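Comments concern the structure below.
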Amino acid sequence: MGNFFEDFFMGQEIVHPLPRTISEGDVSLYIAFTGSRFALHSSDIVAKELGYEKRPIDDILMFHLTFGKSVQDISLNAIANLGYAEIRFPTSVYVGDTVSMSSTVIGLKENSNGKSGVVYVHSIGKNQRDEEVLNFKRWVMVHKRDTQTLSKISEIPSFKEATPILEKINIPKIDEVNTDATGGKFFFEDYEVGERLNHPEGITIDNSDHTLATKLYQNNAKVHFNDHMMKSSPMGQRLMYGGIIISIARAISFNGLQNAQWVYAINSGAHCNPTYAGDTIYAYTEILEKLEHSREDIGLLRLRTIAVKNQASSEIEQPKDEEGKYLKNVVLDLDYTVIIPKKKTGK
Amino acid sequence: MGNFFEDFFMGQEIVHPLPRTISEGDVSLYIAFTGSRFALHSSDIVAKELGYEKRPIDDILMFHLTFGKSVQDISLNAIANLGYAEIRFPTSVYVGDTVSMSSTVIGLKENSNGKSGVVYVHSIGKNQRDEEVLNFKRWVMVHKRDTQTLSKISEIPSFKEATPILEKINIPKIDEVNTDATGGKFFFEDYEVGERLNHPEGITIDNSDHTLATKLYQNNAKVHFNDHMMKSSPMGQRLMYGGIIISIARAISFNGLQNAQWVYAINSGAHCNPTYAGDTIYAYTEILEKLEHSREDIGLLRLRTIAVKNQASSEIEQPKDEEGKYLKNVVLDLDYTVIIPKKKTGK
Amino acid sequence: MGNFFEDFFMGQEIVHPLPRTISEGDVSLYIAFTGSRFALHSSDIVAKELGYEKRPIDDILMFHLTFGKSVQDISLNAIANLGYAEIRFPTSVYVGDTVSMSSTVIGLKENSNGKSGVVYVHSIGKNQRDEEVLNFKRWVMVHKRDTQTLSKISEIPSFKEATPILEKINIPKIDEVNTDATGGKFFFEDYEVGERLNHPEGITIDNSDHTLATKLYQNNAKVHFNDHMMKSSPMGQRLMYGGIIISIARAISFNGLQNAQWVYAINSGAHCNPTYAGDTIYAYTEILEKLEHSREDIGLLRLRTIAVKNQASSEIEQPKDEEGKYLKNVVLDLDYTVIIPKKKTGK
Numbered sequence: 000m001g002n003f004f005e006d007f008f009m010g011q012e013i014v015h016p017l018p019r020t021i022s023e024g025d026v027s028l029y030i031a032f033t034g035s036r037f038a039l040h041s042s043d044i045v046a047k048e049l050g051y052e053k054r055p056i057d058d059i060l061m062f063h064l065t066f067g068k069s070v071q072d073i074s075l076n077a078i079a080n081l082g083y084a085e086i087r088f089p090t091s092v093y094v095g096d097t098v099s100m101s102s103t104v105i106g107l108k109e110n111s112n113g114k115s116g117v118v119y120v121h122s123i124g125k126n127q128r129d130e131e132v133l134n135f136k137r138w139v140m141v142h143k144r145d146t147q148t149l150s151k152i153s154e155i156p157s158f159k160e161a162t163p164i165l166e167k168i169n170i171p172k173i174d175e176v177n178t179d180a181t182g183g184k185f186f187f188e189d190y191e192v193g194e195r196l197n198h199p200e201g202i203t204i205d206n207s208d209h210t211l212a213t214k215l216y217q218n219n220a221k222v223h224f225n226d227h228m229m230k231s232s233p234m235g236q237r238l239m240y241g242g243i244i245i246s247i248a249r250a251i252s253f254n255g256l257q258n259a260q261w262v263y264a265i266n267s268g269a270h271c272n273p274t275y276a277g278d279t280i281y282a283y284t285e286i287l288e289k290l291e292h293s294r295e296d297i298g299l300l301r302l303r304t305i306a307v308k309n310q311a312s313s314e315i316e317q318p319k320d321e322e323g324k325y326l327k328n329v330v331l332d333l334d335y336t337v338i339i340p341k342k343k344t345g346k
Numbered sequence: 000m001g002n003f004f005e006d007f008f009m010g011q012e013i014v015h016p017l018p019r020t021i022s023e024g025d026v027s028l029y030i031a032f033t034g035s036r037f038a039l040h041s042s043d044i045v046a047k048e049l050g051y052e053k054r055p056i057d058d059i060l061m062f063h064l065t066f067g068k069s070v071q072d073i074s075l076n077a078i079a080n081l082g083y084a085e086i087r088f089p090t091s092v093y094v095g096d097t098v099s100m101s102s103t104v105i106g107l108k109e110n111s112n113g114k115s116g117v118v119y120v121h122s123i124g125k126n127q128r129d130e131e132v133l134n135f136k137r138w139v140m141v142h143k144r145d146t147q148t149l150s151k152i153s154e155i156p157s158f159k160e161a162t163p164i165l166e167k168i169n170i171p172k173i174d175e176v177n178t179d180a181t182g183g184k185f186f187f188e189d190y191e192v193g194e195r196l197n198h199p200e201g202i203t204i205d206n207s208d209h210t211l212a213t214k215l216y217q218n219n220a221k222v223h224f225n226d227h228m229m230k231s232s233p234m235g236q237r238l239m240y241g242g243i244i245i246s247i248a249r250a251i252s253f254n255g256l257q258n259a260q261w262v263y264a265i266n267s268g269a270h271c272n273p274t275y276a277g278d279t280i281y282a283y284t285e286i287l288e289k290l291e292h293s294r295e296d297i298g299l300l301r302l303r304t305i306a307v308k309n310q311a312s313s314e315i316e317q318p319k320d321e322e323g324k325y326l327k328n329v330v331l332d333l334d335y336t337v338i339i340p341k342k343k344t345g346k
Numbered sequence: 000m001g002n003f004f005e006d007f008f009m010g011q012e013i014v015h016p017l018p019r020t021i022s023e024g025d026v027s028l029y030i031a032f033t034g035s036r037f038a039l040h041s042s043d044i045v046a047k048e049l050g051y052e053k054r055p056i057d058d059i060l061m062f063h064l065t066f067g068k069s070v071q072d073i074s075l076n077a078i079a080n081l082g083y084a085e086i087r088f089p090t091s092v093y094v095g096d097t098v099s100m101s102s103t104v105i106g107l108k109e110n111s112n113g114k115s116g117v118v119y120v121h122s123i124g125k126n127q128r129d130e131e132v133l134n135f136k137r138w139v140m141v142h143k144r145d146t147q148t149l150s151k152i153s154e155i156p157s158f159k160e161a162t163p164i165l166e167k168i169n170i171p172k173i174d175e176v177n178t179d180a181t182g183g184k185f186f187f188e189d190y191e192v193g194e195r196l197n198h199p200e201g202i203t204i205d206n207s208d209h210t211l212a213t214k215l216y217q218n219n220a221k222v223h224f225n226d227h228m229m230k231s232s233p234m235g236q237r238l239m240y241g242g243i244i245i246s247i248a249r250a251i252s253f254n255g256l257q258n259a260q261w262v263y264a265i266n267s268g269a270h271c272n273p274t275y276a277g278d279t280i281y282a283y284t285e286i287l288e289k290l291e292h293s294r295e296d297i298g299l300l301r302l303r304t305i306a307v308k309n310q311a312s313s314e315i316e317q318p319k320d321e322e323g324k325y326l327k328n329v330v331l332d333l334d335y336t337v338i339i340p341k342k343k344t345g346k
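Residue numbers (numbering that gives the first Met the number 0), protein chains in the order written: chain Z, 0 to 346; chain A, 0 to 346; chain P, 0 to 346.
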C-alpha cells in the first residue's frame, strides 16, 4: 500500500521488485504510442551503419520500463512527485535484456506541518549483466503515518544543475551517418545556442493510449488507471502519466533533430500542468548549450523542450508569464542533453 | 455462420481451425491490457531462478489465445455461454509455440420449448509437439434450426465440483524464491482458509482496450466488436468479453498473491453481470481451501476471486444478496486453484 | 514540411528515409487492430505446411509499414491522395526484415488554376537484401509554392487497368492445404465470376485503434493524429487513414475467402467517403475475374471488395447510385487480386 515517511531512513537501500525483460512487443507498442521515428531505434540497417549489432531500445522507453518498478516502493501514495535530476543513460539496452532497479535514500526532510515529508532517492537501473543502464535522483512528498510526533529531520542533498558529462560515452564510434536513412541533414555544427525549433506536429492522446502505455510500463500509480476513483477527485478524471508527455514531446522533436538519436541525460523537468485524454500535444525546442566532447565524432546539445497542449507551439513565445508562472497550456518544461554526430560524419 | 443445435451429435469431434503462434508481441500487449505484474511472466531472470529456461506465457493469456479458436464452431451464435468447468493448464507455453484446439461433444440437451438446446463440449488445446496445454469443459445454449421437430435428446454429463489435482505437476522444482524480485513475502503457509484479501487497485477499461484484446485473441463473437449491431440490442453497446474481466481480476490479485504465479486450474466461473467500456474493475479474493501436494516445494490454494465494477471491493461484504442473487455491481465469481511455493523456498 | 509542386521534376529519384525493421510486435498489433485470421500469417504450423520456413508478414501490414515512409516526401501536405495503381507484392517479408522505399517521379500535371498540380510517382520498396517487396504507382495533388507563374507542364503517365500477372510468382509450391487449419473449404474452382460474398462481420473502430495503427506505421499525415487541428477543419475531427479500412475489409473478407491467403496485387482503390472513430465497417466481395496461371497448384481471383460503414453489407445492392455517385455509406471500393490454391491441394 505504499510507504510512509517514517518507513524511510538515510542510507536505506531498497531493491525494487519485478525485473522486466524487454521485448519486441514493447518496442512496437512504443512506436504505436508515440509515432516515434528516430531511425536508430526502428531500423536494424541504420543501427548497423552506426556501429551497433542491432537496434537499441529508445532511451525514454527504457526509462519508463525501469522507472515503473520504483513506483510501488517510493511514490505509490505520493502527495506529489516533486522533481528529478541527474538522469543518465550509461549503457544501451536491447530486446532480450532484463532491467531491474534499486534505490538508496539520500535525503529526508520532514515538513513543518508534521503531516508529510520529502524523500530523496538515488535510483540505479541495471541489466542482467549488472551493468548500469539508468542512474537518476528524484524526490517525492509522502504522507507521515504519525502526524503527532515530529522528527525534525532535514537532510537535503544537493543536485547538480545539469547531469555531468562523463569522459566515456558508451556509444559506438560513428564513421558515417546516412542522412537518406535518418531523414535529417543537420549535425552538431548546424545548431546555434538560442535557436528555437518549432516542431510542426501535434498528437492527440486518448484514454486507451495512455493507460495501455502506463500499464505496459507496470507503473501502478492509481491516478492513471482508475477513473472511478478519479471522478471523485478534484481532477474529475484519470491523470495522464507525465512520462507519456515526455515521450510524445521527444517523438515530435524528431522534426528538426533527426540525427540527435541518443538521449544522454535529463537534467531536470517540470510537469507544469496536468494532461487528460483528448489533449493534443505540441512542442518546441530551444538549444540551450553546445557541448564539445573529447570524442571527435560527436557533440552534445543541451535542449529545452516545451510541450504545450491544445495550442500550436509556435503561438507560445515564453512558457511562463511575467510573474514566472507557467502558462496554463504548458505541460512540460524538459531540460535534457542529446548526442549528435558532427558534420564530417554526414553522407 | 455458426452451428445450430442439430449440427452437433454425441461423440462428435471438431478440429477448430487457425492454430496460433504466440509471439513477444502478444506478451507485451497482454501486459498493456492488464497491467499484470507476475514476475515469472515478465522477467527472464525470475523465470530462470524458478527453474525455467525463459519466461513462460501467462496461463490466462494462453487460455484466451487458445479458447478463441473454438468460438466460430461452438459459440458464435450462442444464446448464452452457460458455464465452464475443470479447466486445467497441463504444460507451460512459450513464445514461438503454436497452440491449436479441438473439441468433443460430450452432452446434448434439447430445451423443452423446442427452440434451442444446450451443447456440452470437452476441449483440448495442444502445442506443436502435440502436448496438452489446455483442457476444459464448457456448455453453451444454441438455437435450433428446426423448431418444429423435437429430438428430446437429454444427455447431460456430470462435472467435478473442482478440477482434480494430478499427481504430476509440470512446473520445475522450486529451490528458492527471490522475494526481492517477485515483490511478495507470502508463501503457502502464510494463507488461512477463510481469509480475505481486498486488492486495492481498480482498473478502468475503455473500448479500444477490450476490443484490441479480443481481436488479438481472434475471438470473433460479434457482440464484442460491432457497436452498430449492438446499438439496437437491449444492451445498447458493445459487451466486453468475459475473459477480459478474468484477466483484469487476476492482474489486480497480484497485490497479496505475488508468489502464486501459476494458475493450476479454473474450477468454475460466473460472469454475473455485463461490463461495458468505462467500467472500473476492482476485486477481492477469498482463500477457499489449502491443498497439500506430494511435492514438498509447493502447495495449492483454491481461491474465489470476486470482481466488482465501479465500487471498491472492500465495500462488498458478500457477492450475493439474501435471495442468493448476485449484487448488480458484481461482475465475476471465479473459483480457481493456484500453485504457490512453500515458505522454505523464500529468500 | 512537405514538398510543393515545384519541388518535383520528371525522372527525379527520391530515397525515402527511415528504413523499418519489422518485428513480432508489429504482427501482434496488426492482429489486434484488425482481428485478422488468415492462418498463413498467424500460425507457423500452417506456414510450414504451405512450404514456408515460418509465417510471413501479412501483405497489407507490409504495405502500411513501407508506404508510411513516403508520406513525408510525397503527400504530407497533399490536397488529395488521388489514386494508386499497379500495386504488387513481389516477395514475402518476415519478422526481422528491414523494409525501405524510394520513388521516381513519372508524371507532373499543373492544374489550370495555377494553384496546385498532380504528382505521379512510381515507388519501390525493398528488403535488406535489395529484393523488391513492394511496387506501386500513385498520384497526389499538392500545392504550388508560386501560384503566379504557370509552367503548363502536363506529362500524364498511363496506368494499366489491372496489375499485370507475372510468369514467376514467388510463393512456395503448394502440395496440400489443411482446411482443418485454414478454416475454409473453398478453392479456386469453387468461385464463380459474378458471385458475391456478403461477409457477416462488422468491426467498430475507435480513436485509439486507428491512431495507434497509423503511428505504428510511422505515417505522419497530420489529419489522422491531431484532433485540435481537425476540430477547426470542415471534418471537425480526426480522419481515419484509408489503409485502416483496407485492412479491416481484408480481415472481414476472411469469412468466405479463408484460403485466399496471399494478396498478389491491388489494381485500384477508391476511398469513397471518410471514416471516423465510432464507425462500424462491413464489407462484401464480388468475384470479378478468375485467372489461370502456368503454375498448376494455384489460380488467381480478381476481387472487388466494397466496405460500408454503419450498415450491413448485405443491405447494399450497388455501391453507386444511378448517377454513378458512391452511396454515402460506402467507404472503400477496392479492386485487387489474390492467390488461392486449386482444389486438388485440399485436405
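All C-beta atoms, glycine included, are put in the ideal place defined by N, C-alpha and C.
Fair warning: this is a prediction, and the values are worked out from it, not measured in the lab.
Residues of chain Z with CB closer than 9 Å to the CB of residue i, please, in chain order.
i	result
F224/P	G34, E200, G201, I202, T203 and T279
N2/P	The premise fails here: N2/P is roughly 14 Å from chain Z at the closest Cβ pair, so nothing lies under 9 Å.
R137/P	Result: empty, since nearest Cβ-Cβ is about 20 Å, beyond 9 Å.
K324/P	Within chain Z, no residue comes near K324/P; the closest Cβ sits about 32 Å away, beyond 9 Å.
Assuming residue i is part of the alpha helix (DSSP H), what are its boundary residues?
i	result
D58/P	D58 to F66
R87/A	Here R87/A belongs to no alpha helix (DSSP H); instead the beta strand (DSSP E) covers A79 to R87.
V14/Z	Where V14/Z is concerned, there is no enclosing alpha helix (DSSP H), although the beta strand (DSSP E) it sits in stretches over E12 to T20.
D226/P	D226 to K230
N206/A	N206 to L215
R137/Z	Element bounds for R137/Z: not the alpha helix (DSSP H) but the beta strand (DSSP E), E131 to H142.
Y29/Z	E23 to T33
Since residue i meets chain D, which of its residues come closer than 7 Å, beta carbon to beta carbon?
i	result
M228/Z	The structure shown contains no chain D; its protein chains are Z, A and P.
Could you tell me which chain Z residues have their CB closer than 7 Å to the CB of residue i, listed as they occur along the chain?
i	result
N309/A	H227
Is there at least one non-hydrogen atom of the ligand NAD closer than 8 Å to the beta-carbon of residue i?
i	result
G50/A	Absent from the structure shown: the ligand NAD. Ligands present: none.
What residues in its chain sit with their C-beta under 6 Å from that of residue i, if we drop five residues either side in the sequence?
i	result
V307/A	Y281, I315, N328 and V329
P273/A	L238
G277/Z	none
R19/A	L64 and V98
E5/P	R144
Using a cut-off of 8 Å between C-beta atoms, extract the partners of residue i located in chain P.
i	result
L28/Z	G24 and L28
Show which residues of chain A have a CB atom less than 8 Å away from the CB atom of residue i.
i	result
D208/P	S207, T210 and L211
A31/P	L28, L211, A212, K214 and L215
Could you name the residues of the same chain whose beta carbon sits closer than 7 Å to that of residue i, not counting the 5 residues immediately before and after it, in chain order?
i	result
E130/A	T90
Give the range of the beta strand (DSSP E) segment to which residue i is assigned.
i	result
T344/A	From DSSP, T344/A is part of no beta strand (DSSP E); its letter is neither H nor E.
So, under 8 Å CB-CB, residue i and residue j are touching, yes? Tell me the CB distance rounded to an integer number of Å.
i	j	result
A259/P	V132/P	Rounded, the Cβ-Cβ distance is 20 Å, inconsistent with contact.
S207/Z	D226/A	That belief does not hold up - the Cβ atoms of S207/Z and D226/A are roughly 15 Å apart, past 8 Å.
Y263/A	L299/A	6 Å
In chain order, what residues of the same chain have a beta carbon less than 8 Å from the beta carbon of residue i, not counting five sequence neighbours either side?
i	result
Q11/A	T103 and V104
Contact set between the segment 241-275 of chain Z and chain A, restricted to residues whose Cβ is under 9 Å from the partner: Flagged: no residues at all.
Along the segment 117-129 of chain Z, where does the CB come closer than 8 Å to a CB of chain A? Name the residues. Q127
Would you list, in chain order, the members of the segment 34-54 of chain Z that have their beta-carbon closer than 7 Å to a beta-carbon of chain P? G34, R36, A38, S41, S42, D43, I44, V45 and R54
Proximal residues, the segment 144-178 of chain A versus chain P, C-beta separation under 8 Å: Here the close residues number zero.
Using a Cβ-Cβ cut-off of less than 7 Å, give me the residues of the segment 178-191 of chain Z that come near chain P, in sequence order. Within the segment 178-191 of chain Z, the residues whose Cβ lies closer than 7 Å to some Cβ of chain P are D179, A180, T181 and G182, listed in chain order.
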